[in-house]
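2 protein chains.
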Amino acid sequence: MNSSVAVEKPERRRLTEPGRKTRDRIIEAAAELMFHHGVGGTSIPDIQAAARVSASQIYHYFGDKRGLVLAVVNFQTDTKLDQQRPLLDNLDSIDALRAWCAKAADRQDAMGCAGGCEIGSLASELAETDPSARTDLSASFDRWELPIRSGLARMQARGELSERADVVSLATALLAAIQGGMLLSQVRRSSTAYRHAVSAVIDHIETYVVR
Amino acid sequence: MNSSVAVEKPERRRLTEPGRKTRDRIIEAAAELMFHHGVGGTSIPDIQAAARVSASQIYHYFGDKRGLVLAVVNFQTDTKLDQQRPLLDNLDSIDALRAWCAKAADRQDAMGCAGGCEIGSLASELAETDPSARTDLSASFDRWELPIRSGLARMQARGELSERADVVSLATALLAAIQGGMLLSQVRRSSTAYRHAVSAVIDHIETYVVR
DNA sequence: CCCAGATTGGAATTGCCATTCCAGAACGGG
DNA sequence: CCCGTTCTGGAATGGCAATTCCAATCTGGG
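If you're matching them up, the sequences are chains A and B in order. If you read the first sequence in full-length UniProt numbering, its first letter stands for residue 1, the second for the next number, and so on. If you read the second sequence in full-length UniProt numbering, its first letter stands for residue 1, the second for the next number, and so on.
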């Protein structure tokens with residue numbers, strides 16, 4: 001049953017130490033460039049220059065551009081989630097939610113509200129053009145949404161949140177507000193929209209607080 | 001004072017009847033292709049074939065690809081706002097807000113949740129690469145947000161909404177929820193996220209209803 | 001130390017894309 | 001009906017991007 005269709009990872013190529021290092025260097029350079037100029041606006045020669053590698057190295061490690069894009073998607077997901085920890089794993093109070101979102105807003109202001117969300121931008125650009133990227137990005141959003149949901153669930157289990165609250169729905173709503181708020185803020189070059197969007201959803205969650 | 005920096009529209013080229021028709025045909029074909037494949041994924045030859053025109057016609061009417069993209073941005077904005085009318089201009093009750101968002105959700109389901117939002121996708125792709133497109137898209141979102149805000153303001157003026165409600169902030173939050181919900185739904189190929197996102201924000205608005 | 005496999009450099013190939021150019025055909029105001 | 005302007009066709013150009021190739025150089029286990 002598991003042999004009918006290979007899961008596409010039959011053999012993982014052995015990596016030596018310098019190999020792993022240049023591989024990482026390529027991913028980081030590509031992620032940076034694609035964040036600023038989009039996937040379509042980033043060429044292999046661009047990445048070569050930024051990572052100080054030759055073309056053959058990129059194709060050696062990733063097969064083709066799509067393979068590299070996939071690696072970038074997962075790298076950005078790991079990076080973004082990591083940089084939100086430990087706040088992300090402790091979203092079990094209204095204050096924690098507000099602090100977490102405020103930190104993102106400040107970070108956004110710090111870069112002039114340019115660039116938007118690393119994952120959201122990739123998602124928008126790749127959703128219709130790269131099916132496997134879309135799948136991975138769907139998983140990325142799930143990984144992001146889960147800790148939100150868990151935090152709310154913990155609040156509810158402790159009796160701090162009404163039983164009437166649908167924590168699954170609320171977690172999705174907050175993530176959506178974050179994404180939509182980031183997009184509006186990116187276009188308007190002002191974090192106001194982001195702040196208003198997350199504030200509205202957290203205010204709404206707060207109405208379920210039992211006191 | 002108005003002569004120091006030309007507003008970039010010193011002379012509008014005269015258009016004959018067939019000229020206006022092919023011009024429109026180009027914009028429509030380009031909008032369609034760019035919606036499905038992104039701006040970067042749509043080449044001039046693609047547009048030529050879809051609109052049944054020669055290259056010189058495209059460059060005659062739009063100067064270059066960026067000019068065409070700008071025209072597409074404004075075309076999509078007009079089209080999207082028009083297709084939401086008359087609901088969009090009567091968002092002055094909770095039921096009206098829900099009906100309006102539900103219609104968008106059904107429309108999304110009807111196309112398999114593919115494609116996302118015409119304006120949001122353009123915004124994400126162009127925000128960092130085309131300054132004038134970003135400006136226009138910022139205006140597009142303003143045009144979209146305004147009727148929401150007006151509807152809420154009318155409710156408030158009528159005394160149906162508490163004075164404590166910040167209609168400006170709430171309108172932004174709803175638009176952000178729509179954008180973020182659409183993005184999540186596009187990636188997940190399920191309108192659930194969109195429905196949860198807008199539902200949360202409208203529920204929140206409802207808490208301000210005076211009864 | 002030795003060799004298979006991993007890693008690298010750099011040029012060559014192929015194809016497509018944005019844009020230009022040059023006539024020629026249609027239009028429409030006077 | 002005439003002429004400047006608009007509109008159109010189609011080929012040519014120049015550049016760049018993705019990918020391939022091959023030969024050379026490392027690396028690490030036995």
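For glycine and all other residues, C-beta sits at the position ideal for the given N, C-alpha and C.
Proximity test, Cβ basis, 9 Å: residue i and chain B
i: V7/A; result: Residue confidence is low: V7/A scores 37 on pLDDT, short of 50, so the model does not pin down where it sits. Its coordinate-derived value is still stated next. No, V7/A does not count as interfacial toward chain B.
i: T207/A; result: yes
i: S150/A; result: no
i: K33/A; result: The sequence as given places Leu at residue 33/A; Lys does not occur at that position. So no, L33/A is outside the interface.
i: R172/A; result: It is Thr, not Arg, that sits at residue 172/A in the sequence shown. Taking Cβ atoms only, chain B reaches closer than 9 Å to T172/A, which makes this a yes.
i: P18/A; result: no
i: E118/A; result: no
i: residue 214/A; result: Since the first residue shown for chain A is 1 and the last is 211, residue 214/A is missing from the structure and cannot be characterised.
i: A104/A; result: no
Chain-order list of residues whose beta-carbon lies under 8 Å from that of residue i (same chain, five-residue window excluded)
i: S190/A; result: C113
i: I26/A; result: I47, A51, V53, Q57, I58, Y61, F62 and L68
i: Q108/B; result: M182, S185, S191 and Y194
i: R14/B; result: none
i: E125/B; result: G38, V39 and G40
i: residue 212/B; result: Outside the modelled stretch of chain B, which goes from 1 to 211, sits residue 212/B, for which no answer is possible.
i: S121/B; result: F35, G38 and G115
i: R85/A; result: none
i: E11/A; result: With a pLDDT of 48 at E11/A, under the threshold of 50, the modelled position of that residue is not reliable, and no figure is offered here.
i: V210/A; result: G159, E160, L161 and S162
Within-9 Å CB hit, residue i to chain A
i: F141/B; result: yes
i: T79/B; result: no
i: residue 285/B; result: What the structure shows of chain B is the stretch from 1 to 211, and residue 285/B is not part of that stretch, so it cannot be assessed.
i: R134/B; result: yes
i: residue 212/B; result: The first residue shown for chain B is 1 and the last is 211, placing residue 212/B beyond what the model contains.
i: A55/B; result: no
i: S124/B; result: yes
i: A30/B; result: no
i: A200/B; result: yes
Chain-ordered chain A contacts of residue i [CB-CB under 9 Å]
i: L175/B; result: G180, L184, A193 and A197
i: A114/B; result: A127 and E128
i: A121/B; result: The amino acid occupying residue 121/B in the given sequence is Ser; Ala does not appear at that position. S124, E125, A127 and E128, listed in chain order.
Residues bridged to residue i [DSSP beta-bridge criterion]
i: residue 215/A; result: What is shown of chain A runs 1 to 211, which leaves residue 215/A out entirely.
Listed by chain order, chain A residues near residue i by CB distance under 7 Å
i: S138/B; result: V187 and R188
i: A50/B; result: Within 7 Å Cβ-Cβ: nothing; A50/B doesn't reach chain A, min ~17 Å.
Contacting residues, own chain, Cβ-Cβ under 6 Å from residue i (five flanking each side not counted)
i: N90/A; result: A96
i: C101/B; result: V198
i: R23/B; result: Y61
Beta-carbon contacts of residue i that lie in its chain and below 7 Å, excluding the five residues immediately before and after
i: R98/B; result: I202
i: A123/A; result: L137
i: H36/A; result: G115
i: V72/B; result: I27, A30, A31 and M34
i: T16/B; result: none
i: Q76/A; result: A31, E118, I119 and L122
i: P147/B; result: L88, D89 and L91
Under 8 Å from the C-beta of residue i: neighbouring residues of chain B
i: H36/A; result: E128
Residue ranges of each alpha helix (DSSP H) within the region 134–197 of chain A, 4 or longer: 167–188
Which runs of the alpha helix (DSSP H), 4 residues or longer, sit entirely within the UniProt domain "HTH tetR-type" (20–80) of chain A? 44–51 and 55–62
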